[in-house]
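Novice: Numbering (my numbering), first residue to last: 10 to 303. A single structure is presented below for examination.
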Amino acid sequence: MAGITDAPFRTICIEHGAVLTYSEMISAKGLFYDDQKTKKLLSKTNPSEPFAVQIFGSEIEPMQYAAQYISSLNPVLIDINMGCPVSKVVKNHEGSALMKDIKKAYKLTKAVVDASSVPISVKFRSGFEKHNLNYVEFGKAMESAGASCITLHPRTRDMFYSGEADWTHIISLKEAVSIPVIANGDVFTHKDIEDIRKKTGCFDVMIARGSLGNPWIFSNIIPSTEQRIKVFKHHMDLQIEYNGEKKAIKEMRKHGAWYFKGLHNSAKLRDMIFKAETKQDVVNCIESVLEKEI
Numbered sequence: 010m011a012g013i014t015d016a017p018f019r020t021i022c023i024e025h026g027a028v029l030t031y032s033e034m035i036s037a038k039g040l041f042y043d044d045q046k047t048k049k050l051l052s053k054t055n056p057s058e059p060f061a062v063q064i065f066g067s068e069i070e071p072m073q074y075a076a077q078y079i080s081s082l083n084p085v086l087i088d089i090n091m092g093c094p095v096s097k098v099v100k101n102h103e104g105s106a107l108m109k110d111i112k113k114a115y116k117l118t119k120a121v122v123d124a125s126s127v128p129i130s131v132k133f134r135s136g137f138e139k140h141n142l143n144y145v146e147f148g149k150a151m152e153s154a155g156a157s158c159i160t161l162h163p164r165t166r167d168m169f170y171s172g173e174a175d176w177t178h179i180i181s182l183k184e185a186v187s188i189p190v191i192a193n194g195d196v197f198t199h200k201d202i203e204d205i206r207k208k209t210g211c212f213d214v215m216i217a218r219g220s221l222g223n224p225w226i227f228s229n230i231i232p233s234t235e236q237r238i239k240v241f242k243h244h245m246d247l248q249i250e251y252n253g254e255k256k257a258i259k260e261m262r263k264h265g266a267w268y269f270k271g272l273h274n275s276a277k278l279r280d281m282i283f284k285a286e287t288k289q290d291v292v293n294c295i296e297s298v299l300e301k302e303i
């Protein structure tokens, strides 16, 4: 998730039971042109953590270069994003736009597979539009191109994140290919993990929005207010170490809204954190609103 799954966030997820985490979407062109901000997205707070790198692009040469460069970092795998619905990505014929051109998607994937020394996965949607559900054909093409596994988000691009994810699409895809299929879509609780596994037959599950402010989803724990505060503060410390205090506090504003959602006075706390400028400001906000209630 762009702007969210940075190194501190990934560390928090691993510490709470995630088996593997993915980087933010990384531009193949950014790596190709030696953009330092893009390269920073590949960093980790803990060098021993297993991680996957997700790349996007629509041109073969930058994608091959990105695969070679990233392979040298020894990630568990490289994931090609062919499912992002964001307009600025689609306009560049990247992300989910590639579902409209299976031949091009095949060539890109094969080029990345040939250039990489680590396994390649591809994430995509049920189709670009509701009237053209081509995920089975697309998945078969990715398998033929050499992908080691594939992930399906069972919504079309024109749905973005509205409506419900249709898990029956995952079942159909799993039956059509011989490589592992990773299930994804509308997994917000640990019970959802159990349900999607049972209904689709997939063991591996990718969790995105369900992990926001909720790393406990990986370990089936219902956190107390005290636990939420403790992990939020730990996350903030990791952010400060990674980004410096000024940027870290800005990054933690959105995470605070997620960590404390549903608690008494959470709206008040969210507004206070959004105005905070320093770590101590944030700590003071939490103490004044929540810690006196523990």
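Beta carbons: idealized from backbone N, C-alpha and C, even for Gly.
Given a threshold of 16 other Cβ atoms within 10 Å of its Cβ, counted over all protein chains shown, does T209 qualify as buried or as exposed?
Specialist: For the purposes of this step, residue 209 is taken as the residue at position 200 of the sequence shown. Within a 10 Å sphere around the beta-carbon of T209 sit 16 or more other beta-carbons, which makes this residue buried.
Novice: Whose C-alpha, out of E152, S153, E138, R134, is nearest the C-alpha of Y144?
Specialist: What you label residue 144 is simply residue 135 of the sequence shown in a count that begins at 1. Nearest C-alpha to Y144: R134.
Novice: Are K132 and T160 touching if we call contact CB-CB under 8 Å?
Specialist: Locating residue 132 in the sequence shown gives position 123, where the first residue counts as 1. Locating residue 160 in the sequence shown gives position 151, where the first residue counts as 1. The answer is yes: Cβ separation under 8 Å.
Novice: With distances taken from CA atoms, which of E146, V98, V240 is nearest K112?
Specialist: Within the sequence shown, numbered from 1, the residue matching residue 112 stands at position 103. That would be E146, whose Cα lies nearest to the Cα of K112.
Novice: Who are the near neighbours of P224 in its chain, counting only those whose CB is closer than 6 Å to its CB and skipping five residues on each side?
Specialist: Taking the sequence shown and counting its residues from 1, the one referred to as residue 224 is at position 215. Result list for P224: I21, C22, H25, in chain order.
Novice: Between which residues of its own chain and P71 is the CB-CB distance below 6 Å, once the five residues before and five after are set aside?
Specialist: Translated into positions along the sequence shown, residue 71 becomes position 62. Once the five neighbours on either side are set aside, the close Cβ partners of P71 are A37, K38, F41.
Novice: Residues in the same chain with beta-carbon distance under 8 Å from L125, minus the five sequence neighbours each way, listed in chain order, please.
Specialist: Counted from its first residue, the sequence shown places residue 125 at position 116. The amino acid at residue 125 is misidentified as Leu; the sequence shows Ser. Only residues of its own chain outside the window of five on either side were considered, and among them A76, Q77, I79, S80, I87 have a CB closer than 8 Å to the CB of S125, listed in chain order.
Novice: Drop a sphere of 10 angstroms on the beta-carbon of P163, count the other beta-carbons inside from all chains shown, and report buried for 16 or more, exposed for fewer.
Specialist: Taking the sequence shown and counting its residues from 1, the one referred to as residue 163 is at position 154. With 16 or more Cβ atoms within 10 Å of its Cβ, P163 is classed as buried.
Novice: Return the Cβ separation of F65 and R19 in integer angstroms, given the expectation that the two are a contact with Cβ distance under 8 Å.
Specialist: Working through the sequence shown from its first residue, we reach residue 65 at position 56. Working through the sequence shown from its first residue, we reach residue 19 at position 10. Going by Cβ atoms, the distance from F65 to R19 rounds to 18 Å, so no, they are not a contact pair.
Novice: T30: buried (16+ other C-beta within 10 angstroms of its C-beta) or exposed?
Specialist: The count along the sequence shown starts at 1 and reaches residue 30 at position 21. Per the 10 Å Cβ criterion, buried.
Novice: Shortest alpha-carbon distance to I3 belongs to which of N193, L51, A276?
Specialist: Nothing in the structure corresponds to residue 3, since the chain is present only between 10 and 303.
Novice: Just the Cα atoms here: how many angstroms apart are A285 and N252?
Specialist: Here residue 285 is taken as the residue at index 276 of the sequence shown, counted from 1. Here residue 252 is taken as the residue at index 243 of the sequence shown, counted from 1. For A285 and N252, the distance between alpha carbons rounds to 16 Å.
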